[in-house]
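Peer 1:
Numbering (full-length UniProt numbering), first residue to last: 1 to 340.
(1) Just the Cα atoms here: how many angstroms apart are residue 276 and residue 237?
(2) Give me the residue from 161, 229 and 221 with the minimum Cα distance to residue 147.
(3) Select from 339, 122, 95 and 283 the residue whose C-alpha is nearest the C-alpha of residue 190.
(4) Count the other CB atoms, across all protein chains shown, that sit within 10 Å of the CB of residue 68; report buried if there are 16 or more and exposed otherwise.
(5) Are the Cβ atoms of residue 105 and residue 205 separated by less than 8 angstroms?
(6) If you count every other CB in all the chains shown that lies within 10 Å of the CB of residue 239, and 16 or more means buried, which is it?
(7) Secondary structure at residue 191, three-state DSSP: helix, strand or coil?
(8) Compare the Cα-Cα distances from residue 187 to each of 228, 79, 246 and 253 and report the closest residue.
(9) When DSSP labels each residue in this structure, what does residue 279 get in the three-state scheme?
(10) Since residue 126 and residue 170 are thought to touch, with beta carbons under 8 angstroms apart, how far apart are those beta carbons, to the nearest angstrom?
(11) Let me check one thing: in DSSP terms, what residues is residue 231 bridge-paired to?
(12) How would you label residue 176, buried or exposed, when you count the other beta carbons within 10 angstroms and need 16 or more for buried?
(13) For the alpha helix (DSSP H) that residue 96 lies in, which residues bound it at each end?
(14) Measure from the alpha carbon of residue 344 to the alpha carbon of each residue in 192, 295 and 283, then state which is nearest.
(15) To the nearest angstrom, how far is it from the Cα of residue 119 to the Cα of residue 82?
(16) Name the residue from 174, 158 and 92 whose alpha carbon lies nearest to the alpha carbon of residue 128.
(17) Hey, would you say residue 66 sits closer than 8 angstroms to residue 99, going by beta carbons?
(18) Short of 6 angstroms in beta carbon distance, which residues of its chain neighbour residue 314, apart from the five on each side in sequence? Order them along the chain.
(19) In whole angstroms, give me the CA-to-CA distance for residue 302 and residue 75.
(20) Looking at chain B, is there any beta carbon in it that lies within less than 8 angstroms of the beta carbon of residue 204?
(21) According to DSSP, simplified to helix, strand and coil, what is residue 135?
(22) In the DSSP assignment, the alpha helix (DSSP H) including residue 289 goes from what residue to what residue?
(23) For residue 311, collect the residues of the same chain with a Cβ closer than 8 angstroms to its Cβ; drop the 5 residues on either side in sequence, then sort them by chain order.
(24) Closest to residue 215 by CA distance: which of 95, 248, 226 and 79 is it?
(25) Using a 10 Å radius around the Cβ and a threshold of 16 neighbouring Cβ atoms, would you call residue 42 buried or exposed?
(26) Do residue 331 and residue 274 have their CB atoms nearer than 8 angstroms?
(27) So, under 8 angstroms CB-CB, residue 201 and residue 90 are touching, yes? Tell me the CB distance rounded to an integer number of Å.
(28) May I have the straight-line CA-CA distance separating residue 250 from residue 308, to the nearest angstrom?
(29) Identify whether residue 182 lies in helix, strand or coil by the three-state DSSP scheme.
(30) Could you check the C-alpha separation between residue 297 and residue 272 for me, to the nearest Å?
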């Protein structure tokens, strides 16, 4: 068989050569890229931050951004304390607190307490006149069997009736911000910021334990227990409050307000057991527990059976029976039996 040579023009030969060279160049480029990419990917894996590190940065940034407008309004209130700037602070907190970290919320609460409380008497020039009218027009003495809360309501109604229209507007503005007038034994009438203010503004942004703390604190409303050397809060109410704090400490043993709750419990138990000079626990002649106090102890123990409060009362009674007719340091005796 005869083979005939293929005749090709110089142009065709040149085209084939170019195609072959192009293919070789592409192959070389791909090989080189793959060799370089492998170590680069490994290095990227070593230096890439963990997933949780990527997530934390925007959270911290958001928290910082949220607290900035709050800080700005607080500084504005410091320079110009009035109802307008007070409302601005409250509004920005209502909007931004939920975006701030929990620990930062506690700091903002402490900061705002320190700044606001001293200024509640200086929000409007007419406030001083309200104190004068309160002192002139109110019968601030406690009525028989009147609770502290009922007394405050009675005095507020009586004061409102004595005010002119502009004074009524001012008084309503104070009440809107949970500012009331109370009677301090040594000072006389003063403006008081109710705990319900902190409950409304901060508690919705706190954990359940903190919300329960502020609910009970608002209910008690910074009570004056010792007034004119006597108990301004009756023993049964003190027993109920002590029981509430006992339950709080059992349910939330590691809460942010644990120590304050513990102090409240011990304070109410101490007043409950020891009384005061004008509302003594012991009969002045027999040195035994007074009949009306025995009645209160029985009622508390029946209402809260098996509670630590009831057990404290029982142990207190027992120790007093072991010391019949003797002069006793009730304060130290009470402290020795109070357990949580």
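C-beta: ideal position from N, C-alpha, C; glycine also.
Peer 2: By the coordinates alone:
(1) Here residue 276 corresponds to residue number 276 of the chain shown, with the count starting at 1. Here residue 237 corresponds to residue number 237 of the chain shown, with the count starting at 1. Rounded to whole angstroms, residue 276 to residue 237 spans 16 angstroms at the Cα level.
(2) Counting from 1 along the chain shown, the entry for residue 147 is found at position 147. Considering only alpha carbons, the answer is 221.
(3) Here residue 190 corresponds to residue number 190 of the chain shown, with the count starting at 1. The residue with the shortest Cα to Cα distance from residue 190 is 122.
(4) The count along the chain shown starts at 1 and reaches residue 68 at position 68. It is exposed - the Cβ of residue 68 has fewer than 16 other Cβ atoms within 10 Å.
(5) The sequence position of residue 105 within the chain shown is 105, counting from 1. The sequence position of residue 205 within the chain shown is 205, counting from 1. Going by C-beta atoms, residue 105 is nearer than 8 angstroms to residue 205.
(6) As a position in the chain shown, residue 239 is number 239, starting the count at 1. Under this definition residue 239 is a buried residue.
(7) Taking the first residue of the chain shown as position 1, residue 191 is located at position 191. The answer is strand: DSSP assigns residue 191 an E or B state.
(8) Translated into the one-based positions of the chain shown, residue 187 becomes position 187. Taking only the C-alpha atoms, the option nearest residue 187 is 228.
(9) Stepping through the chain shown from its first residue, residue 279 is reached at position 279. Looking at residue 279 - three-state DSSP - the assignment turns out to be strand.
(10) Numbered from 1 along the chain shown, position 126 holds the residue referred to as residue 126. Numbered from 1 along the chain shown, position 170 holds the residue referred to as residue 170. About 5 angstroms; that satisfies the 8 angstroms criterion.
(11) In the chain shown, the residue the question calls residue 231 occupies position 231. In the DSSP output, where bridge partners are listed per residue, residue 231 has 226.
(12) Here residue 176 refers to the residue found at position 176 when the chain shown is read from its first residue. With fewer than 16 Cβ atoms within 10 Å of its Cβ, residue 176 is classed as exposed.
(13) The count along the chain shown starts at 1 and reaches residue 96 at position 96. Start and end: 83-96.
(14) Any question about residue 344 goes unanswered here, given that the chain covers just 1 to 340.
(15) Numbered from 1 along the chain shown, position 119 holds the residue referred to as residue 119. Numbered from 1 along the chain shown, position 82 holds the residue referred to as residue 82. For residue 119 and residue 82, the distance between alpha carbons rounds to 9 angstroms.
(16) Within the chain shown, numbered from 1, the residue matching residue 128 stands at position 128. Closest by alpha carbon: 174.
(17) Here the question's residue 66 lines up with position 66 in the chain shown. Here the question's residue 99 lines up with position 99 in the chain shown. A contact, by the Cβ cut-off of 8 angstroms.
(18) Residue 314 sits at position 314 when you count from the first residue of the chain shown. Closer than 6 angstroms at the Cβ level, and outside the excluded window around residue 314, lies no residue.
(19) The residue labelled residue 302 in the question sits at position 302 within the chain shown. The residue labelled residue 75 in the question sits at position 75 within the chain shown. Answer to the nearest angstrom: the Cα atoms are 52 angstroms apart.
(20) No chain B is part of this structure, which consists of one protein chain only.
(21) Here the question's residue 135 lines up with position 135 in the chain shown. DSSP places residue 135 in helix when its eight states are reduced to three.
(22) Reading the chain shown from its first residue, position 289 is the one you call residue 289. That residue, residue 289, is in no alpha helix (DSSP H); it is neither H nor E in DSSP.
(23) As a first step, residue 311 must be located in the chain shown, where it is residue number 311. Result list for residue 311: 339, in chain order.
(24) Position 215 of the chain shown, counted from the start, is the residue given in the question as residue 215. Nearest option by C-alpha distance: 248.
(25) Position 42 of the chain shown, counted from the first residue, corresponds to residue 42. In this predicted model, residue 42 has a pLDDT of only 42, less than 50, meaning its place in the structure is not dependable; the value taken from the coordinates is given anyway. So residue 42 ends up on the exposed side.
(26) Within the chain shown, residue 331 is the residue found at index 331, counting from 1. Within the chain shown, residue 274 is the residue found at index 274, counting from 1. Cβ atoms of residue 331 and residue 274: closer than 8 angstroms.
(27) As a working mapping, residue 201 is identified with position 201 in the chain shown. As a working mapping, residue 90 is identified with position 90 in the chain shown. Yes, residue 201 and residue 90 are in contact; Cβ-Cβ is about 6 angstroms, under 8 angstroms.
(28) Numbered from its first residue, the chain shown carries residue 250 at position 250. Numbered from its first residue, the chain shown carries residue 308 at position 308. Each residue's alpha carbon lies about 11 angstroms from the other.
(29) Translated into positions along the chain shown, residue 182 becomes position 182. Correct three-state label for residue 182: strand.
(30) As a position in the chain shown, residue 297 is number 297, starting the count at 1. As a position in the chain shown, residue 272 is number 272, starting the count at 1. Distance between the alpha carbons of residue 297 and residue 272: 9 angstroms.
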